[in-house]
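In what follows, a structure is listed as structure tokens, so that the remarks can point back to it.
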Amino acid sequence: MNQPGFVHVGSFFDSVRKIQKRYRDHLSPICKKWKLTQNELDILLFLCNNPQYDRAADIVEHRGIAKSHVSLSVKDLEHRKLLERRFEPADRRTSHLELTARGRAITEEGRQAQLRFFSEIYAGISPEDFATWREIMQKIRKNLEGTEVK
Numbered sequence: 004m005n006q007p008g009f010v011h012v013g014s015f016f017d018s019v020r021k022i023q024k025r026y027r028d029h030l031s032p033i034c035k036k037w038k039l040t041q042n043e044l045d046i047l048l049f050l051c052n053n054p055q056y057d058r059a060a061d062i063v064e065h066r067g068i069a070k071s072h073v074s075l076s077v078k079d080l081e082h083r084k085l086l087e088r089r090f091e092p093a094d095r096r097t098s099h100l101e102l103t104a105r106g107r108a109i110t111e112e113g114r115q116a117q118l119r120f121f122s123e124i125y126a127g128i129s130p131e132d133f134a135t136w137r138e139i140m141q142k143i144r145k146n147l148e149g150t151e152v153k
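For the numbering used here, count along the sequence shown from 1 and bump the result up by 3.
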């Protein structure tokens, strides 16, 4: 099997950086308008887009934001009444995060920005190519499961 060369690796990381920058560029006006950090908006959007994951630990695991940043952002978002914590009756240490009406209004703007972003980066990609890309990404994720650099 051909292994990617250094040029391909560099190209891969360069593409990832460009995608991340363009994504931030699309969300930046919403952050400015609502005086949010990128992490705060990412958390609101994560909760909106993934209702099955409603704990701070879920955000850390699935979104890859540092635990300390999630903790600070959640505290600020709660203080600003953009989300609320709902504690488990059986275990008060476990809380679930829920968007408030104001938080949902902000995420609606964010979701529109996300749609524009994805429309832009997927422009010109056929449904067949997109299906191939998704299949490759699933294989890469599977390859990464359980692997750890020691």
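Glycine included, every Cβ here is placed at the ideal spot set by N, Cα and C.
- In the same chain as G67, and ignoring 5 residues on each side of it, no C-beta atom comes closer than 6 Å to its own.
- For L50 against Q41, the beta-carbon gap comes to about 15 Å, at or over 8 Å, which does not count as contact.
- Sequence-distant Cβ neighbours of D57 in its own chain, meaning closer than 8 Å and more than five residues away, are L50, H99, L100, E101.
- With a threshold of 16 other beta carbon atoms within 10 Å, G127 falls short and is exposed.
- Rounded to the nearest whole angstrom, the C-alpha separation of I22 and Q117 is 12 Å.
- In the displayed model, E148 falls within coil according to three-state DSSP, outside both helix and strand.
- I33 sits buried, since 16 or more C-beta atoms from the chains shown fall within 10 Å of its C-beta.
- With respect to the 9 Å criterion, I109 and L47 are classified as neighbours on the basis of their beta carbons.
- Around the beta carbon of I143, fewer than 16 other beta carbons sit within 10 angstroms, so the residue counts as exposed.
- Going by DSSP, E87 is part of the beta strand (DSSP E) stretching over 86-90.
- Counting along the chain, L102 sits inside no alpha helix (DSSP H); it lies in the beta strand (DSSP E) bounded by residues 98-102.
- Per DSSP, D94 lies in no alpha helix (DSSP H) and is assigned neither H nor E.
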